[in-house]
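Take a look at the structure below.
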Amino acid sequence: MPSQQGKKTLHIESSGQLCIYCGACVGICPLNCIYLDETRITFDERICTRCEICVKACPVGAIEIG
Amino acid sequence: MPKNLTTDVLVIGAGPAGSMTAKWAAKKGANVLMIEKRQEIGSPVRCGEGMSKDWFSEVGIKAGRWINVEVEGARIYSPSEKLLEINEKHAGNEVGYVVERDGFDKALAIDAANAGVDVKLKTAATAILKENGKVVGVRAKEFGEPFEIRAPVTIGADGFESQIGRWAGLPTNIALRDMDSCLQYRMTNVDCDVRYCDFYLGKVAPGGYVWIFPKEEGLANVGIGVQVSQIRNPAEARTYLDAWIKNHPAYAKGKTIDVVGGGVSISPPIKQAAADGIMLVGDAARMIDPLTGGGIANGCIAGKICGEVAAEAAAAGTPTKEFFQRYEKGWRARLEEKLYRNWLAKEKLCSLSDETFDKIFDALEGVKLEKLTVHNILKAVHTKYPEVTREFESFL
Ligand SMILES: Cc1cc2nc3c(=O)[nH]c(=O)nc-3n(C[C@H](O)[C@H](O)[C@H](O)COP(=O)(O)OP(=O)(O)OC[C@H]3O[C@@H](n4cnc5c(N)ncnc54)[C@H](O)[C@@H]3O)c2cc1C
Ligand code: SF4
Ligand code: SF4
Numbered sequence: 038m039p040s041q042q043g044k045k046t047l048h049i050e051s052s053g054q055l056c057i058y059c060g061a062c063v064g065i066c067p068l069n070c071i072y073l074d075e076t077r078i079t080f081d082e083r084i085c086t087r088c089e090i091c092v093k094a095c096p097v098g099a100i101e102i103g
Numbered sequence: 591m592p593k594n595l596t597t598d599v600l601v602i603g604a605g606p607a608g609s610m611t612a613k614w615a616a617k618k619g620a621n622v623l624m625i626e627k628r629q630e631i632g633s634p635v636r637c638g639e640g641m642s643k644d645w646f647s648e649v650g651i652k653a654g655r656w657i658n659v660e661v662e663g664a665r666i667y668s669p670s671e672k673l674l675e676i677n678e679k680h681a682g683n684e685v686g687y688v689v690e691r692d693g694f695d696k697a698l699a700i701d702a703a704n705a706g707v708d709v710k711l712k713t714a715a716t717a718i719l720k721e722n723g724k725v726v727g728v729r730a731k732e733f734g735e736p737f738e739i740r741a742p743v744t745i746g747a748d749g750f751e752s753q754i755g756r757w758a759g760l761p762t763n764i765a766l767r768d769m770d771s772c773l774q775y776r777m778t779n780v781d782c783d784v785r786y787c788d789f790y791l792g793k794v795a796p797g798g799y800v801w802i803f804p805k806e807e808g809l810a811n812v813g814i815g816v817q818v819s820q821i822r823n824p825a826e827a828r829t830y831l832d833a834w835i836k837n838h839p840a841y842a843k844g845k846t847i848d849v850v851g852g853g854v855s856i857s858p859p860i861k862q863a864a865a866d867g868i869m870l871v872g873d874a875a876r877m878i879d880p881l882t883g884g885g886i887a888n889g890c891i892a893g894k895i896c897g898e899v900a901a902e903a904a905a906a907g908t909p910t911k912e913f914f915q916r917y918e919k920g921w922r923a924r925l926e927e928k929l930y931r932n933w934l935a936k937e938k939l940c941s942l943s944d945e946t947f948d949k950i951f952d953a954l955e956g957v958k959l960e961k962l963t964v965h966n967i968l969k970a971v972h973t974k975y976p977e978v979t980r981e982f983e984s985f986l
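Heads up: the protein sequence lines correspond to chains A and B, in order. Going by the working numbering, the first residue of the first sequence is number 38, and it counts up by one from there. Going by the working numbering, the first residue of the second sequence is number 591, and it counts up by one from there.
Right, here's the structure in full:
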């Protein structure tokens with residue numbers, strides 16, 4: 038579902054059901070806009086360009102853009 | 591609120607590279623503070639836990655209780671599972687260990703503490719402090735409480751997920767083809783051979799490999815790395831690993847007791863690892879060997895050099911980019927050429943078809959290889975399939 042700015046939404050399933058807090062997405066994000074605190078992932082909505090690189094890098098498929 | 595702090599050398603991240611840097615800076619007389627955002631050093635483990643050991647004496651590591659097994663060599667399998675066995679021990683070479691990485695990281699942190707390093711856990715760097723374009727420390731949170739740490743020398747040893755370098759404006763972004771997305775299961779009830787680390791190449795793991803690193807009889811780390819540029823669908827690392835396991839009865843019957851993931855850079859050496867007030871080391875400086883994906887040794891080797899230069903700079907009061915050329919020269923002299931050559935080799939290997947891989951293995955059949963180097967392999971292949979090695983001419 039597009040958000041107000043017309044951007045797609047990015048969702049990181051980081052409640053522990055999927056995400057294993059491995060940091061792969063953090064290291065590859067070209068805009069350095071994902072943050073990992075032991076078991077909490079956040080990303081900066083304003084900076085993210087929805088380039089989908091993190092979606093590929095995530096080994097378990099915890100990131101969705103739609 | 592925690593009090594603001596000052597120190598000579600501030601190390602961010604207590605992985606192997608950070609602990610090694612901190613230790614050598616303290617040994618050279620600097621006041622050193624090492625901060626780590628986790629609550630436990632070394633845990634959770636993000637590693638296959640395999641390492642060579644011929645570099646231990648160089649950085650002052652003594653073998654400890656963190657060793658699981660000492661392996662004799664490696665077995666490498668082609669896509670059609672032709673086997674190349676390299677028994678380095680028989681050839682009299684130093685081989686390596688499969689270790690408890692959390693124990694290893696803690697042992698290195700203890701060495702650092704014993705050298706006088708202060709350590710703070712649950713303390714994350716959240717931003718870089720800059721004055722007149724120079725890094726002068728970081729903003730941090732200790733148990734969630736914000737404070738500042740000022741230091742003439744700040745060191746980013748914050749691993750693959752490093753943000754310190756990027757905050758400081760250093761060129762550490764990596765291309766998709768220069769990263770592997772990794773997943774590993776620690777599996778019990780498997781038929782592994784504790785004498786060997788096993789590697790499976792080809793389309794089972796595009797742009798990477800499947801690894802089996804044995805920890806004891808019946809227990810092994812079974813993992814995969816897949817080049818991100820070759821990933822088409824979400825969760826592909828997991829899909830490939832599950833498929834490989836399913837096709838290998840010795841592992842399909844196993845039970846997983848731990849899941850580990852992570853990113854591994856397989857990039858050429860970065861152009862700049864230091865700026866005014868700051869140096870990067872280990873995975874944060876993309877020092878992982880791009881061919882093997884191993885980063886512990888390089889992080890420690892560069893860490894020693896980094897720590898010594900950090901202490902010298904703090905003592906001289908000259909934490910400048912120019913002064914840090916001592917570090918740049920030191921780590922590059924020790925690691926750069928191999929990193930670059932292995933990156934070229936990786937680029938080549940990633941482009942090979944399963945058929946070519948099989949040809950190479952076919953050529954190697956019956957050849958006694960005593961040490962696994964790109965050079966040795968190519969020389970052996972050259973006699974039987976010169977056309978395959980033509981593409982690799984620059985390595986020979
Ligand atoms: C699945 C997998 C398998 C691997 N297998 C092997 C192997 O078998 N052999 C091998 O040699 N290498 C292997 N590697 C690579 C190896 O793990 C790394 O090269 C090694 O850990 C690098 O050490 P480091 O000290 O640079 O970084 P790390 O060990 O990643 O340490 C960085 C530390 O910094 C902390 N940190 C990060 N950000 C902050 C912050 N803002 N504030 C405070 N602290 C912070 C982190 O919590 C972490 O503890 C593997 C990697 C992966 C992902
Ligand atoms: S979509 Fe791109 S910019 Fe957004 S968080 Fe993922 S990698 Fe970063
Ligand atoms: S790459 Fe995936 S599993 Fe790893 S931290 Fe990011 S969202 Fe979580």
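Every residue gets a Cβ at the ideal spot worked out from N, C-alpha and C, and that includes glycine.
Apply the 10 Å Cβ neighbour rule to residue i and answer buried if 16 or more other Cβ atoms are within range, or exposed otherwise.
i       : result
V818(B) : buried
L673(B) : exposed
P839(B) : exposed
C88(A)  : exposed
I84(A)  : exposed
P804(B) : buried
N888(B) : buried
Q774(B) : buried
V92(A)  : buried
K613(B) : buried
D781(B) : exposed
R655(B) : exposed
S752(B) : buried
L600(B) : buried
F750(B) : buried
E945(B) : exposed
Comparing the CB of residue i with every heavy atom of ligand 1, is any distance shorter than 6 Å?
i       : result
D783(B) : no
E626(B) : yes
Q629(B) : no
M641(B) : yes
A765(B) : no
P606(B) : yes
Closest to residue i by C-alpha separation, out of the options, would be which residue?
i       : options                               : result
G60(A)  : D873(B), A906(B), Y930(B) and P858(B) : D873(B)
A900(B) : E735(B), Y917(B) and G884(B)          : Y917(B)
D848(B) : G889(B), R665(B) and A810(B)          : A810(B)
E806(B) : Y799(B), Y786(B), G815(B) and V800(B) : Y786(B)
D788(B) : E648(B), W801(B) and I700(B)          : W801(B)
K63(A)  : S855(B), R665(B) and D783(B)          : The question names Lys, yet the displayed sequence has Val at residue 63(A). Looking at the Cα atoms, S855(B) is the closest of the given residues.
I764(B) : S52(A), R77(A), A94(A) and G103(A)    : A94(A)
P844(B) : V850(B), G853(B) and D832(B)          : Note on residue identity: the sequence assigns Gly, not Pro, to residue 844(B). Of the listed residues, the one whose Cα sits closest to G844(B) is D832(B).
T76(A)  : I90(A), C70(A) and I57(A)             : I57(A)
W921(B) : K938(B), K894(B) and E912(B)          : K894(B)
N837(B) : V794(B), G897(B) and D952(B)          : V794(B)
R665(B) : K731(B), K974(B) and L954(B)          : L954(B)
Quick one: which chain D residues come within Cβ less than 9 Å of residue i?
i       : result
L711(B) : This model lacks chain D altogether; the protein chains it does include are A and B.
Looking at ligand 2, does it come within less than 6 Å of residue i, judged from the CB to the closest heavy atom?
i      : result
T46(A) : no
C70(A) : yes
On the DSSP letters alone, give me the boundaries of the alpha helix (DSSP H) that residue i sits inside.
i       : result
R691(B) : R691 to N704
P67(A)  : Segment: none, P67(A) is in no alpha helix (DSSP H) and carries neither H nor E.
V899(B) : I886 to A906
T713(B) : T713(B) -> not in any alpha helix (DSSP H); beta strand (DSSP E) instead, spanning T713 to E721.
N932(B) : E927 to S941
Would you say the beta carbon of residue i is closer than 6 Å to some non-hydrogen atom of ligand 3?
i      : result
A99(A) : yes
I58(A) : For the sequence presented, residue 58(A) should be read as Tyr rather than Ile. Yes, Cβ of Y58(A) sits closer than 6 Å to a heavy atom of ligand 3.
A61(A) : yes
Could you give the residue range of the beta strand (DSSP E) that holds residue i?
i       : result
A758(B) : Looking at the DSSP string, A758(B) is not in any beta strand (DSSP E), and its letter there is neither H nor E.
L623(B) : V622 to I625
G608(B) : Element bounds for G608(B): not the beta strand (DSSP E) but the alpha helix (DSSP H), P606 to K617.
R776(B) : M769 to T778
Y786(B) : Y786 to Y790
Q817(B) : L809 to Q817
I78(A)  : R77 to F80
Worksheet item: If we count Cβ pairs, one from each stretch, closer than 8 Å, do we get three or more for the stretch 738-745 of chain B versus the stretch 716-726 of chain B?
Response: yes
Practice prompt. Evaluate contact between the stretch 857-866 of chain B and the stretch 610-623 of chain B, counting only Cβ atoms and requiring at least three cross-stretch pairs below 8 Å.
Written response: no
Discussion item. Measuring CB atoms only, is the stretch 686-695 of chain B touching the stretch 633-642 of chain B, in the sense that at least three cross pairs come out at less than 8 Å?
Written reply: Counting Cβ pairs under 8 Å, three or more are found: they touch.
Discussion item. Does the contact criterion of 3 or more C-beta pairs under 8 Å hold for the stretch 922-934 of chain B versus the stretch 874-887 of chain B?
Written reply: The stretch 922-934 of chain B makes contact with the stretch 874-887 of chain B; the number of CB pairs closer than 8 Å reaches 3 or more.
Fill in: Segment contact, 8 Å Cβ cut-off, at least three pairs: the stretch 623-636 of chain B with the stretch 703-721 of chain B
yes
Worksheet item: Does the stretch 701-709 of chain B come close enough to the stretch 676-683 of chain B to have 3 or more Cβ pairs within less than 8 Å?
Response: Between the stretch 701-709 of chain B and the stretch 676-683 of chain B, the count of Cβ pairs shorter than 8 Å is below three; the stretches do not touch.
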